[in-house]
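Chain order of the listed sequences is A and B. Here the first sequence stands for residues 18 to 141, numbered as in the working numbering. Here the second sequence stands for residues -3 to 167, numbered as in the working numbering. Glycine included, C-beta positions come from ideal geometry on N, C-alpha and C. Below is one structure, written out as structure tokens; the observations come after it.
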Amino acid sequence: MHRDRAIWASLAVLGLTFAAYMLRETGGNGWMPGCVFKKVTGFECPGCGMTRGTYALLHGRVGEAFGFNPVGMVLLPLAMIGLGIEVIGWVRGKPLPFRLNPGRWGATVIAVVMIAWWVGRNVV
Amino acid sequence: MICTHMSWYYSKNGTQLGPVTEEELKAKASSGEVIAADLIWREGMSDWKPYGQVAEFQGIGMVSPPPASGTMGSVSIPQPSAYPAAYAQQVPNYLWQSIVATVLCCMPFGVVAIVFAAKVDGLVARGDIAGANAASKSAKTWVTVAVGCWLAVVAIYAVVVLIAIIGGAVN
């Protein structure tokens, strides 16, 4: 158990919770910078729509949330759980005996889906 | 090495054993009970590592084959097939970090990180540990670039908003 790491992890959780609360109340308007990639290139990035999607999700509109960014809406919670397990191990100073690991093929599928999604949403 | 009180854990066939002292672990390696591919860990290490890759134990015990086993040849260089299943977890793949960086930071650099991250476990399975380490390092670098760019954007944005607020107050 590392106290400094526990403090950092707690701050991150607090920050995320606060950001989620602010997003729920304001919709992100006026205080979130928005996607720079989209502003500069005009193309959407793989994460575009996540702010609107999370806003919809925080208001219980699941279908609408998936409409903004279906790939991100599936992968982000998975990644958060996977990362959470690693962070707990990091705070403990000793990795947990289990991990959320999609394996070599799962990881490849995720990479292919992410690139296809990125290209696809800009072409279609 | 002065720190003889250090407690080492080691793993045989997926079972965690120990703690033992550094001397005991060296003795086990010399007798062939612990081989180069066996995973060891102590407080402070970020993850389990194969015995043969830990600096403290370089050259100790790894040249003599286990006396009790009937297999032939040296075990100094572990064969890919000899890696325990847990070995795949020794090289961090940064996949989840890459996904979070891509989706939340809104930075296409995250996609580059995902591509490298996806290669790590496959390279480990093929026994290409050097390649896996290189891919792991690249994935980490691109995650850092994506998050760094995002933080820079947030910082610049905050300054612009602040200037606008001050400007509004002055006018």
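Min CB distance residue i to chain A below 7 angstroms
i       : result
L91(B)  : yes
Y6(B)   : no
V30(B)  : no
V143(B) : no
T98(B)  : yes
P104(B) : yes
I95(B)  : yes
A160(B) : no
D124(B) : no
Residue-level contact to chain B via CB, residue i, 7 angstroms cutoff
i       : result
R121(A) : yes
L100(A) : yes
P94(A)  : no
T125(A) : yes
F54(A)  : yes
A199(A) : Outside the displayed span of chain A (18 to 141) sits residue 199(A), for which this structure offers no information.
Any chain C beta carbon closer than 7 angstroms to residue i
i       : result
G118(B) : Included in the structure are the protein chains A and B, with no chain C among them.
Any non-hydrogen atom of the ligand MG closer than 6 angstroms to residue i Cβ
i      : result
K24(B) : As presented, the structure is devoid of all ligands, the ligand MG included, so that no description of it is given.
Per-residue DSSP class, three states only, for residue i
i       : result
Y5(B)   : strand
A93(B)  : Per the sequence presented here, residue 93(B) reads as Gln, with Ala not at that position. Residue state, collapsed to three classes: helix.
K115(B) : helix
P46(B)  : strand
V16(B)  : strand
W37(B)  : strand
Distance CB(residue i)-CB(residue j) smaller than 7 angstroms
i       : j       : result
A32(B)  : G48(B)  : yes
P119(A) : D43(B)  : no
F4(B)   : L21(B)  : According to the sequence provided, residue 4(B) is Trp. The question's Phe does not apply to it. Result yes, Cβ atoms of W4(B) and L21(B) sit closer than 7 angstroms.
Q93(B)  : V139(B) : yes
G64(A)  : G80(A)  : no
**Prompt:** At a cut of 8 angstroms, does the region 104 to 117 of chain B reach the region 110 to 130 of chain A through at least three beta carbon pairs?
**Reply:** yes
**Item:** the region 97 to 106 of chain B / the region 104 to 118 of chain A touching (three or more Cβ pairs under 8 angstroms)
**Value:** no
**Request:** Identify each residue in the region 66 to 92 of chain A for which the Cβ-Cβ distance to at least one residue of chain B is less than 7 angstroms, and report them in chain order.
**Result:** M67, G89 and L92
**Message:** Any contact between the region 45 to 65 of chain A and the region 101 to 108 of chain B? By contact I mean 3 or more CB pairs, one from each, below 8 angstroms.
**Reply:** yes
**Message:** Within 8 angstroms, do at least three Cβ pairs link the region 125 to 142 of chain B to the region 4 to 14 of chain B?
**Reply:** no
**Asked** Do the region 61 to 78 of chain A and the region 23 to 43 of chain A meet, that is, are 3 or more Cβ pairs less than 8 angstroms apart?
**Response** yes
**Prompt:** Along the region 24 to 50 of chain A, what residues have a CB closer than 7 angstroms to any CB found in chain B?
**Reply:** Of all residues in the region 24 to 50 of chain A, P50 have a Cβ within less than 7 angstroms of some Cβ in chain B.
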